[in-house]
Amino acid sequence: MINVVFSTNADLKSANVLVLVSDEINKDFVPHTVKEMFGDEVSRGIANECSELKYNTIKSFDVVINGEIKNVIVAGAGKKEKYTRASFEKLGGYVFDKITAKNANVCVINNCEIEGNERASSYFASGLVLKSWTFDKYKTTKETPKISQIECQTEYERSNRSTFDCLEKIINGVHSVRDMVTEPANVMDPDKMLEESLALKELGVKVTVLNKEDMEKLGMNALLGVAKGSDKPAYVISMEYKTDESAPSISLVGKGLTFDSGGLCLKPAKGMGEMKGDMTGAAVVIGTIKTLALQKAKANVVGVIGVVENMISGSAQKPGDVVVAMSGKTIEVDNTDAEGRLVLADVLWYEHTKYNSSIVIDFATLTGAIQVALGHEYAGLFSNSDELCDELQQASQTVGEKIWRLPLQQSYEEDIKSDIADIKNVGSGRGAGSITAAAFLQNFIDEKTKWAHIDIAATEWDKKHRALSQKGATGFGVRLMNEFICNKSFCNGEQK
Ligand code: BES
Ligand code: ZN
Ligand code: ZN
1098 MINVVFSTNA DLKSANVLVL VSDEINKDFV PHTVKEMFGD EVSRGIANEC
1148 SELKYNTIKS FDVVINGEIK NVIVAGAGKK EKYTRASFEK LGGYVFDKIT
1198 AKNANVCVIN NCEIEGNERA SSYFASGLVL KSWTFDKYKT TKETPKISQI
1248 ECQTEYERSN RSTFDCLEKI INGVHSVRDM VTEPANVMDP DKMLEESLAL
1298 KELGVKVTVL NKEDMEKLGM NALLGVAKGS DKPAYVISME YKTDESAPSI
1348 SLVGKGLTFD SGGLCLKPAK GMGEMKGDMT GAAVVIGTIK TLALQKAKAN
1398 VVGVIGVVEN MISGSAQKPG DVVVAMSGKT IEVDNTDAEG RLVLADVLWY
1448 EHTKYNSSIV IDFATLTGAI QVALGHEYAG LFSNSDELCD ELQQASQTVG
1498 EKIWRLPLQQ SYEEDIKSDI ADIKNVGSGR GAGSITAAAF LQNFIDEKTK
1548 WAHIDIAATE WDKKHRALSQ KGATGFGVRL MNEFICNKSF CNGEQK
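Mapped onto this note's numbering, the consecutive letters of the sequence shown carry residue numbers 1098 to 1593.
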């Protein structure tokens, strides 16, 4: 990861990229140290070009000093009243795209660090570092990294250092999710997911694994049915991070389809390769637990993931099959491609019988329909608790990972009634595909549990680059969960 330093007196001379963050009103944002280096004329020129910069307006200049080019970037932070953590993080991400130098030694001077907004430098740096993630391990010629170091000049050196120490661990979690999701399915298979989970042991996380025999004993036939067509093993993996038993118990549940071919209801060839990312829910759970453990957060969290591959073969599950889930409910498998909910049915029920946390939040790339409903901007939120939704929305606003609540009510259950079993795994009608999927999951949730289901099928991956991620995997969910959990617990020794 890029090295980020904070100092009261930055080394302007050795930086080849100089970023000046300016508010919308302040016309005299070029600090005197920069004026001294550039001289009056150049400084005035830059100031004139950049007066009253609106939020996210970015200007770039190349200034030659002693025969060397300095890339000067002026970034508009907008109006004081609208400063937030998310606004500075995003600005950092946007500036990353404008940096033209390779191996840049970046110096950031943020003029927006006013009282109440002392940590703007660390948020800005966090955006730059979040966006800097690349995945070139399979390229035989590696690209030169864009940034080699970031130095932020700030009057609030200590607060920014401590905030960034925490942000860096969150970024680490986000980047590890992007890595896992981008790995092809021939590498990131169930055994590799298990390895990723077991690696958390080093950070003090208790990891336990259910294999096929264990699951058979527990009657997890909904999950095992999905795994039948694959030569690879299936696992349910639990990761307990309990450093404060007095904190509210939270379970994070994740869909971990290391590949979803659709099964016998085979997906079309176009786009099938994207289904290597159908394990993102599980990756978000691993990434969040990693983030918490790195921060040594005081929390009471367990992650439970179902790791399976959905394939075709002579032993694959068939449309029309009926399975008895661990809870005892019978399910008609009307469509083998609606496999995520079958896996989650047993993982959610297992969570209830084994851990019974008061709050359960599941992450799943569950339905293509969520993209139709919300596009790539918002993840779909479904819940049986208004209070939990409010808390999630609050965390969402802080970090800028957006979620939008969709309805979940009894009448949708009608759509998934089966003629032959208790329920079937797809709706009869054509509409509300994401809602019927959520309604299906609710069958495996105890009424007393505060539960939220977050459908990340469209936010986990984007063909275009976004504010804080390149095109491809986004790592959506880790920052949201970290914020939510830290709001409810004691993180980093201080209650947030
Ligand atoms: N993994 C897919 C959902 C998905 C689609 C994730 C696009 C990411 C991008 C899921 O298992 C699936 O195939 N869902 C079906 C459900 C249908 C058969 C009711 C879908 O969305 O088409
Ligand atoms: Zn599917
Ligand atoms: Zn799937």
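C-beta: ideal position from N, C-alpha, C; glycine also.
Please report how far the alpha carbon of residue i lies from the alpha carbon of residue j, in whole angstroms.
i	j	result
lysine 1195	glutamate 1371	29 angstroms
isoleucine 1122	glutamate 1210	14 angstroms
valine 1226	alanine 1172	17 angstroms
lysine 1396	aspartate 1487	A small correction: the amino acid at residue 1396 is alanine; lysine does not occupy that position in the sequence shown. Each residue's Cα considered, the two are about 20 angstroms apart.
glutamate 1292	alanine 1549	27 angstroms
cysteine 1204	leucine 1489	35 angstroms
glutamate 1580	serine 1455	18 angstroms
threonine 1377	glycine 1270	13 angstroms
asparagine 1432	tyrosine 1253	57 angstroms
proline 1365	glutamate 1313	32 angstroms
alanine 1296	aspartate 1418	37 angstroms
lysine 1298	threonine 1355	22 angstroms
glutamine 1468	glutamate 1557	11 angstroms
threonine 1197	asparagine 1168	7 angstroms
valine 1118	aspartate 1459	38 angstroms
valine 1306	threonine 1450	16 angstroms
lysine 1309	valine 1430	20 angstroms
glycine 1322	glycine 1425	15 angstroms
aspartate 1483	valine 1114	47 angstroms
tyrosine 1447	glutamate 1436	17 angstroms
isoleucine 1143	methionine 1134	13 angstroms
lysine 1151	lysine 1179	11 angstroms
glycine 1569	aspartate 1375	13 angstroms
isoleucine 1099	glutamate 1248	10 angstroms
glutamate 1264	valine 1101	Residue 1264 is actually leucine in this sequence, not glutamate. Cα-Cα distance, rounded: 11 angstroms.
asparagine 1540	isoleucine 1517	17 angstroms
lysine 1387	proline 1416	38 angstroms
alanine 1174	alanine 1379	35 angstroms
methionine 1596	valine 1401	Outside the shown range of the chain (1098 to 1593) lies residue 1596, about which nothing can therefore be said.
alanine 1107	lysine 1266	24 angstroms
Quick one: residues in its chain with C-beta nearer than 7 angstroms to the C-beta of residue i, no 5 flanking neighbours on either side, listed in chain order?
i	result
alanine 1564	Lys1187, Gly1190, Tyr1191
phenylalanine 1537	Arg1438, Ile1513, Ile1520, Asn1522
glutamate 1342	Asn1397
threonine 1130	Leu1109
leucine 1361	Ile1409, Ala1413, Lys1415, Pro1416, Thr1433
Taking 9 angstroms as the threshold (C-beta atoms), are residue j and residue i in contact?
i	j	result
alanine 1535	leucine 1503	yes
serine 1410	aspartate 1328	yes
glycine 1530	threonine 1462	no
lysine 1367	lysine 1339	no
valine 1116	isoleucine 1162	no
isoleucine 1553	alanine 1476	yes
serine 1601	arginine 1275	The displayed coordinates of the chain run from 1098 to 1593. Any statement about residue 1601 would go beyond what the structure contains.
valine 1398	serine 1335	no
glutamine 1250	asparagine 1202	no
glycine 1326	glutamine 1392	no
asparagine 1407	aspartate 1434	yes
valine 1405	leucine 1349	no
valine 1496	arginine 1182	yes
asparagine 1077	phenylalanine 1221	Given a span of 1098 to 1593 for the chain in the structure shown, any question on residue 1077 remains unanswerable.
asparagine 1257	phenylalanine 1103	yes
glycine 1384	glycine 1572	yes
glycine 1403	tyrosine 1452	no
glycine 1599	glutamate 1510	Missing from the structure shown is residue 1599; the chain here goes from 1098 to 1593 and no further.
alanine 1613	serine 1586	The requested residue 1613 is not part of the displayed model; the chain covers only 1098 to 1593.
leucine 1485	lysine 1547	yes
isoleucine 1542	valine 1457	yes
serine 1493	isoleucine 1500	yes
Using a Cβ-Cβ cut-off of 6 angstroms (strictly less than) and excluding sequence neighbours within five positions of residue i, which residues of its own chain qualify?
i	result
histidine 1272	Trp1230
lysine 1176	Glu1121
cysteine 1147	Lys1156, Val1171
valine 1421	Asn1318, Thr1427
isoleucine 1268	Val1226, Leu1227
leucine 1505	Phe1479, Ala1535
Return the chain-ordered list of same chain residues with a C-beta closer than 8 angstroms to the C-beta of residue i, the five sequence neighbours on each side being excluded.
i	result
glutamate 1149	Glu1121, Ile1122, Lys1124
asparagine 1200	Thr1241, Pro1242, Lys1243, Ile1244, Ser1245
serine 1111	Asn1202
threonine 1105	Gln1250, Thr1251, Glu1252, Glu1254
Entirely enclosed beta strand (DSSP E) segments - the stretch 1226 to 1301, minimum 3 residues: The stretch 1226 to 1301 contains these whole beta strand (DSSP E) runs: 1244 to 1250.
Beta strand (DSSP E) runs contained entirely in the stretch 1444 to 1526, provided each spans 3 or more residues: 1456 to 1461, 1476 to 1480, 1500 to 1502
Three or more C-beta pairs below 8 angstroms linking the stretch 1231 to 1240 and the stretch 1138 to 1152: The answer is no - the stretch 1138 to 1152 does not touch the stretch 1231 to 1240, with fewer than three Cβ pairs under 8 angstroms.
Runs of alpha helix (DSSP H) lying entirely within the stretch 1301 to 1368, each at least 4 residues, in chain order: Annotation: the stretch 1301 to 1368 contains the following complete segments of the alpha helix (DSSP H) (minimum length 4 residues), in chain order: 1309 to 1315, 1318 to 1324.
Stretch pair the stretch 1240 to 1260 + the stretch 1280 to 1295: three plus CB contacts closer than 8 angstroms: No: the two stretches stay apart, fewer than three of their Cβ pairs being nearer than 8 angstroms.
Sequence ranges, beta strand (DSSP E) only - wholly within the stretch 1116 to 1142, length at least 3: DSSP runs (the beta strand (DSSP E)) wholly in the stretch 1116 to 1142: none.
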